[in-house]
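To keep things clear, I will list the structure first and then write my remarks on it.
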Amino acid sequence: MSSYSQHKKKISSSESELYLLIAKFLKTGPCKQTADLLTKEIEEHELLPKRIDWLGNEHNRSFNEFVSKK
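First residue of the sequence shown? That's 1 in my numbering, and the numbers climb one at a time after it.
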C-alpha cells in the first residue's frame, strides 16, 4: 500500500481540477494508456470532489461520472 493511501490528505478543488484537466488532455492525444492509468489512480486515491446527496451524505464519484456532470 502506498504511503499516500495511508496518509490521505484533503486536496483543494484546484488540485482536483488540475488532475481532471491533465487526464482529459492525455485522452485526446497519443498517450491514451497513460490517461487510463491516471484516471484509475484518480479514482483509487479519491482525488475527485465528493458528491453530496440531498441528505448531506458524501459519496465518491468515478472519473466518468464526474466528467459527465461537468
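Glycine included, C-beta positions come from ideal geometry on N, C-alpha and C.
Item, Value
"For K50, I'd like the list of residues in its chain whose CB is within less than 8 Å of its CB, leaving aside the five on either flank, ordered along the chain.", "E58, H59, N60 and R61"
"Can you tell me the Cα-Cα spacing of F66 and G29, whole angstroms?", "21 Å"
"If you reduce the DSSP assignment to three classes, tell me which class E46 lands in.", "coil"
"Can you have a look at L37 and say buried or exposed, based on whether 16 or more other CB atoms are within 10 angstroms of its CB?", "exposed"
"Assign L55 to one of two classes, buried (16 or more other C-beta atoms within 10 Å of its C-beta) or exposed (fewer than that).", "exposed"
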